[in-house]
Amino acid sequence: MNNIREYQEILFQSEPKKITLNEVNALSSSEFHKIFINIVELWSEAAVFVSALAPFHSVEQLINAFSDYLTRLNFENKINVLRHHPDLAGKLAQSGGLSYESQLEQKQAKLDELTIEQKRELAELNEEYKMKFGFPFVVCVRETNKLEAILSAIKVRLNNTVEQEVEMGINEVKKISRLRLLQIVEIVNTKSFKMLFRILNCNLNENNRITFKSLLKNIKYVRSLSSFNGCHHLQDKEITPQIKHEIENHWSSLVSKGDFDPNSSKPKTYVLSMFPYPSGALHMGHVRVYTISDSMARFYRMNRKNVIHPMGWDAFGLPAENAAIQRKIPADEWTKDNIDHMRKQLKELGCTFDWEREFATCDAEYYRWTQKLFLMLYKEGLAYQKEALVNWDPVDKTVLADEQVDANGCSWRSGAKVEKKLLKQWFVKTTKFAKKLYEGLEDPILEDWKDIIKLQKHWIGDCDGYSFELKIENCNTVINIWTKDPVELNHMNFISLSPDHVLVKSLNLKEGLTNLNVSVAFTNQKIPVIVSSEVPYPEQCDTYLGTHTLTDQEVMTKYSIKSSENLEKTLNKNEILKLAEEKKLGGHEVSSKLKDWLISRQRFWGTPIPIIHCDNCGSIPVPQEQLPVKLPTNDKNMIGKPLSQNESWLNTKCPSCQREARRETDTMDTFVDSSWYFLRFLDPQNEKQIFNKEIASKFMPVDLYIGGKEHAVLHLYYARFINHFLHSKGFVPHPEPFKRLLVQGMVMGQSYRVKGTGKYLKESEVEIIDSKKGKAIEKSTGAPVILDWEKMSKSKFNGVDPAEVIKEIGCDSLRLIMLADVAPTSHRNWSSTTFPGILFWQNRIWMTVNDFVRLRKEKGDEVPNNTNELDEHNARLLDARNFYVAGVTFNYKYSHQLSVAISKMQGLTNSIRKSPESVIIHSPEFENALASLLIMISPMAPHFSSELWSRFISAPHRKNLNAYFDWNQQVLNQKWPEVDQKHELSVNVKVNCIDVVSFKFPRIQLDQLKHDDVMKQAFKDEKVLEMISNINVQSTRFEHYPGCHAVFHIFLDKPIKVKKEKKEKKSIIGSSPTPPAILNVTFATSYANFNKLLSCFTNIRYRILRPCDFFYNVIRRGTICICSLDNTKFEINFYLFYQNFNVYVSISFCNSSSGTFANLLAIPSQACSNISPAGSTNLTPLSTSGLCDATPLESSIVYVAKHTFAFISNIISCVHNRYFDKIGHNEEDILNLKELNDFHETMSINIY
């Protein structure tokens, strides 16, 4: 069919008349069974089950009901469902024995038109499939409607296990059921559909007509053709993973786009996360760093910043080369495939990277400029080659830097014992910039570097000496000498080499006086060289400068070394340093332990060093016009072999004399590739320059750099060095490349390790004895097992696949869980026990927005009855919004404590949820508060917030037409909410970090405060004066956070003693001198007992007053008011949570009017008749009216406890029973009332 008219005929003429959702809800059970009996092929139980769930709020809910039914079936019944499906084009089809639905479906797929040969091939595959799995091949032929696709699917799925195939088969049944439902139930008005088709027929030419199938895909479930309208057909009371996935699919293309404009006049913000190595799949560490990065980038965009947020790939390195060797494929192919997969995963995570700036370090157009950078260093004498005793990894067959060898002398990657080997290596003279790099750590531009400064300083060391290069006579070799005082060069008597020095190894020198002499250019002296282990070598130095110390004289006497003659003229320090600079002999300040950067690697997969070795000319740099020196990736015969074995690539012409020459075979350390990538991101398409200086001047330094602490030493040190070097050449505006650091902790997984052997076990191999005390044993041997939290690793069996988590709870839930509970800088122990808090919070926001829309539609035009109550709630919501906006903004913008920001947003949710219906309907401040919440959550949960916002702005009867937000824009285009100018914010005064007093200022004043303004007010305050009396003030500091708060610190030169005031214990009930009677009762039961207990609770009037926050494993808490028929009120405070798959309910009872339990509750007779608690013998007989007073006391407690529990079970019946269905319990009720002494005692009631 080539035009839409044919699809119109199918849709509007061929199909039987559909029924509406209202008509579905009006069906009796028998009518429902009759109509929907074959939604699941020949499996009527599905219709029976789903009919009990009516009424349905949407067609999608009806579809999900059948889908959920199939999901809940046990394994055996799933197989039975599959066995009820017919073979494709099988005997039933040929004999006319198919059901009406199957006949239409197979006919639509043209399976009735197959040739004899095609039928034979399909039948053979069907038989092979049934022989392996025991049930027929099931596929939704209306979606897979070509024979070739069906045959291919059978062949592929034959490779599955039975378990995998059962799940795949059930998923196909779900698709079939969905389409069958859509044939029965009306989704949209037929006339509207016809009108839409007429418009399309009129406006679309033949070349770009769209088919009905693609149109239906775009507008299914009554979606607007504009995606901005969201998934409003989803009206479920609670948000399920299926709903989340549909929301995320709907919004994914709209929320994952960056908007960086290099020509914008907005203030720039460069947010950069350390780019990943393309290993093949994202791990949880990736999820954490890129969720943080994306959330911060979105936050700054909403603050009207011009945000650059790029992404690339640190693609060179050993893993790709080793993988290529194992798979016998080129490393670039393996790397490219991994990049494609990981890019897709990042997009599924909802990250807004500037993908047009993407590159990989293995791209020739990138490493062309890495080679150019090397040549710039080489020209300045900062890249050089020398023999060195290096760390050799015998497994990976490459050189390792010192920092890549662990404390046990093993390779950081392969784990092999590292060997020492003498090789000619390339180095970069980072030591020349050591002093500048050390001092740069005090640059005021650096923010939030915290302990990273200490790590960097420790690596560089105190630059308390000078390094010089001295030439050995008759040998083309120099040695490095370090001394604290350059003047000592005037008084040199000998130079000592340690037995581990490279020259000692290479020349096989023995301990004692050698035949080597050092030529000292400063004094024109010749100084003897010795090998000794007796001299005091500086820290991590293998050379020693001998002068006239007592130890030196002893050494000179031992080896008969004569004292150097007195010089006619000695040079001072400045003269020596100047001469060293002129003759390029060093003379730069550096610590004794810092060494130059060894960049040579003897592997294939890296940036080739652009040097050509000529016998006639020596080492010649490759001319710039010949860059890049490309890797020979096309030669598959050289997979796994180093460049030194590739003769066709190795042989070349000398650029200087044009004679035969050979290329340098070493490649660069991957740290070189990552030392400047942040600059190339600014100008990635530039083919003439490494980057444009003007662009770098405009957008550097990076405003926020995010990554793991494991890179806070080496990568950061090398990146800072390169930036300092480029700054010295005028390429970048500032020597420091990164303004702020956010160093995130690792994601840790639970590991199980056998005590003694250290063998790691899978969770299924371990039996937990006591989780609190960490006691466990190995199931097979009984050996004790150590439970620990460790960095996720395949070898430790404690890794978690992000894709599986997304499949289970959705990507926005994963993002929120990753950000919640712990600060980004702390390690996160990944555990599913932390899921419910975030999931229930999401559900509360979902319900809040849906209730808002529903009430505004139903009652928005009503006139408010109680304006005083409305004014009170408006004031409360105004204050709450300002308070929480200030807190959330501070934790986004200043502290980066995103977990605290989530807690603040949960607090705002609580405040919003306290509002009664009248406030939701009529309050403009409710609109403001809800809008602020949705905007503030959007950087962390962009899909979820976009859907909620589209619903929010769809509500009629707006009360806030001049709101600070834009009703006509998506949530991600909104301006970040701000504290009102008149709202009072705090300035906290601290003395020696102890809170003393807090001043309040309207926001408009606080934003303008200066240090002196606050200092004057602080030193007038009596509490401050009392605290600092007779103690000198050492310093003060003013921390100013505009729009949030401020802190004024006073530091004294002596510690202060703080008197601890005894706080009076306050009654949790109130200040009444005679507190009302209280009883605390705790219940424990399985979810299976809930329905049984519900039967005890009927005809009692109740209402929920204030449901509060969900957190961690808390399901619900709040206050209930139960009223008897004589209007006696009885308050119950409940707190419901779960642990170890059990439900626990803590309840506080209070009759505040009488203070007793007498006449507490009227219980219907039918409820009383169902109660027979053990140990209760004094039950009052039922009255003839069917009601009785709950007396005596013990009986009252039983009644209240039992019926309250039933009531609460009704409240939480919506909670999915997956948390509670794993442990069975006995049905007997055990009640022990003997321990109750008075109303203030605590009683535990366990129902097993």
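No gaps in the numbering here: position 1152 of the sequence shown is 1152 in the UniProt record's numbering, and each next residue is one more. Ideal Cβ placement from N, Cα and C applies to all residues, glycine included.
DSSP places residue 776 in the strand class (E or B) of the three-state scheme. Taking the C-beta atoms as reference points, residue 234 is found nearer than 7 Å to residue 60.
Under the three-state reduction of DSSP, residue 283 is assigned to coil, being neither helix nor strand. For residue 744, the enclosing beta strand (DSSP E) starts and ends at 738–744. In the three-state reduction of the DSSP assignment, residue 664 falls in the coil class.
Beta bridge pairing from DSSP links residue 791 with 748. Taking residue 185 as the centre and dropping the five residues before and after it, the same chain places the C-beta of 18, 19, 20, 21, 24, 59, 62 closer than 8 Å to its C-beta, in chain order. Residue 1035 carries a strand assignment under DSSP once its states are collapsed to helix, strand and coil.
Between residue 381 and residue 468, the C-beta spacing is not below 7 Å. Proximity to residue 672 across 816, 109, 316 peaks at 316, based on C-alpha coordinates.
Our two residues, residue 431 and residue 635, have alpha carbons roughly 39 Å apart in a direct line. Distance from the CA atom of residue 175 to the CA atom of residue 154, rounded to whole angstroms, is 17 Å. Close CB contacts of residue 1054 within its chain, under the 6 Å cut and outside five residues either way in sequence, are with 1031 (chain order).
For residue 75 and residue 68, the gap between their C-alpha atoms comes out near 14 Å. Annotated as proximal: residue 1050 and residue 991, with beta-carbon spacing under 7 Å. The stretch 743–752 makes contact with the stretch 821–835, as at least three CB pairs between them are under 8 Å. Two segments are said to touch when three or more pairs of C-beta atoms, one from each, lie closer than 8 Å; by this definition the stretch 500–517 touches the stretch 527–538. Taken in chain order, the whole alpha helix (DSSP H) runs of length 4 or more contained in the stretch 90–121 are 91–95, 100–108. Taking the Cα of residue 484 as reference, the smallest distance to any Cα among 334, 573, 398 is reached at 573. Segment contact: the stretch 242–259 against the stretch 756–773, fewer than three CB-CB distances shorter than 8 Å; contact not assigned. Looking at the DSSP output, residue 383 shares a beta bridge with 428. Scanning the stretch 626–711 for uninterrupted alpha helix (DSSP H) segments of 4 residues or longer gives 647–650, 670–673, 677–680, 693–699, listed from N- to C-terminal end. Separation of residue 294 and residue 352 (C-alpha to C-alpha, rounded to the nearest whole angstrom) is 6 Å. In the DSSP assignment, residue 830 is bridged to no other residue. Taking C-alpha positions only, residue 493 is separated from residue 385 by approximately 29 Å.
Counting C-beta atoms within 10 angstroms of its own C-beta, residue 332 has 16 or more neighbours from the protein chains shown and is therefore classed as buried.
Out of 254, 263, 56, 716, the CA that lies nearest to the CA of residue 452 is found in 716. In this model, residue 856 and residue 296 are separated by some 34 Å (Cα to Cα).
Beta-bridge partners assigned by DSSP to residue 157: none are found. Look at residue 444 here: in three-state DSSP terms it is coil, with no helix or strand label.
If you check the CB distance, residue 460 and residue 437 come in under 7 Å.
Taking all protein chains in view, the Cβ of residue 916 is surrounded by fewer than 16 other Cβ atoms within 10 Å, so the residue is classified as exposed. Residue 519 has 471, 526 as its beta-bridge partners, per DSSP. Pairwise C-beta distances place the stretch 606–614 in contact with the stretch 655–665, as three or more of them are shorter than 8 Å. For residue 570 and residue 563, the gap between their C-alpha atoms comes out near 16 Å.
By the neighbour-count criterion, in which a residue is buried when 16 or more other Cβ atoms sit within 10 angstroms of its Cβ, residue 591 is buried.
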